[in-house]
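Per the UniProt record's numbering, the very first residue in the sequence shown carries number 1; after that it's consecutive.
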Amino acid sequence: MGVGLDHCGWRLLKKILAVKDAAEGAAKFLNKCFRSGTWPEMFKARRKGLVCSMLLFDIAQFYPSINHDLLGAIMSKQGFHPRYVAFFDDYLKDRKTRIRFQKNFSEDIDTPLGVGQGSALSPILSGLYIAAAIHKWVGTDARVKMVDDDREMIIDINGCIMQFYVDDGAIVVTSATLETNAVLLAKVFKGISTDLERLGLRVERTKNELVHFLMPNSKRWEQKDLGPDVTINIEGVPVVVKPSAKISDECDSLFAPIGQFNERYDAEE
């Protein structure tokens, strides 16, 4: 995110927080946007007269599921020096933990996780591990080949963004309609979840969120229509993800005309 956009974003946040009872909800919503890097995409879509949708998901048991041998092989293929690869290969395996209680220590306990989620290394190593899986989704090509319903097909992913932070994933798509976004999200999710399964990773069934960023003054905006559901397949089980009403309400405040922000902000001051 550029400095200018970041500055404008936080100025906008200041105005949102000036509205009574909006602080907690808006802060949570904007945190999702900033962390997943969707803020610029939302405004790009709006300038083009398009609509933006985002599907958020969580990888289950990320670190216990990492194949450490595969991680070493991935690092080697990515061009890391053999000494670095050897270091992490040794660092991640056969780790043991001892628990101290006052002056007493427990026996050694096997710790198969290697790098825990609280470690500063976790975002780096997790990114390296899944980089190969998401590489084809973040390239410049607008079309990707995948298998859908046992048929090989080409899907247009122009305007699709795939982002991860450790075990939190986000798919952001842009098109002319929310219905197209819903279809595209389902197909892209199927593709990325298949790629993650090849790495030994699986997606949580119950930790999914869907957000449709509505255009102001649109029919859906006026009717408070949250947009279409997205049905995704997780380990052979269809999961219907409904748009979040709470986040949509926060979108109303986020995309309200600037004049309204000024009026509210001036009133509070």
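Glycine included, C-beta positions come from ideal geometry on N, C-alpha and C.
Item to check | Assigned exposure category for Pro243 - 16 Cβ within 10 Å defines buried | outcome: Around the beta carbon of Pro243, a 10 Å sphere encloses 16 or more other beta carbons of the protein chains shown; the residue is thus reported as buried.
Item to check | Contacting residues, own chain, Cβ-Cβ under 7 Å from Phe189 (five flanking each side not counted) | outcome: Taking C-beta separations shorter than 7 Å and ignoring five residues to either side along the sequence, the partners of Phe189 in its chain run Leu55, Ile171 and Ile232, following chain order.
Checklist entry - Over what stretch of residues does the alpha helix (DSSP H) that includes Pro64 continue unbroken? => result Pro64 -> alpha helix (DSSP H) spans Phe62 to Ser65.
Checklist entry - What is the C-beta distance between Leu50 and Ala176, in whole angstroms, given that I count them as a contact (C-beta under 8 Å)? => result At roughly 6 Å, the Cβ-Cβ gap stays under 8 Å, so Leu50 and Ala176 are in contact.
Checklist entry - Taking the runs of the beta strand (DSSP E) that are 3 residues or longer, which of them lie wholly in the region 66 to 128? => result Whole beta strand (DSSP E) segments, 3+ residues: 95 to 97 and 109 to 111.
Item to check | Beta-carbon spacing of Lys93, His68 below 7 Å | outcome: Yes.
Item to check | Chain-order list of residues whose beta-carbon lies under 7 Å from that of Val240 (same chain, five-residue window excluded) | outcome: For Val240, the CB contacts under 7 Å within the same chain, skipping 5 residues up- and downstream, are Asp229 and Thr231 in chain order.
Checklist entry - How about Phe62 and Asp167: are their beta carbons less than 7 Å apart? => result Less than 7 Å separates the beta-carbon of Phe62 from that of Asp167.
Checklist entry - What is the residue span of the alpha helix (DSSP H) that Glu197 lies within? => result Start and end: Leu178 to Arg198.
Item to check | Whether Tyr129 touches Leu71 by CB criterion (7 Å) | outcome: Less than 7 Å separates the beta-carbon of Tyr129 from that of Leu71.
Item to check | Enclosing beta strand (DSSP E) for Glu209 [first to last residue] | outcome: That run of the beta strand (DSSP E) goes Glu209 to Phe213.
Checklist entry - Where do the ends of the beta strand (DSSP E) carrying Thr206 lie? => result Unbroken run through Thr206: none, as it is neither H nor E.
Item to check | Residue(s) in a DSSP beta bridge with Val240 | outcome: Answer is Thr231.
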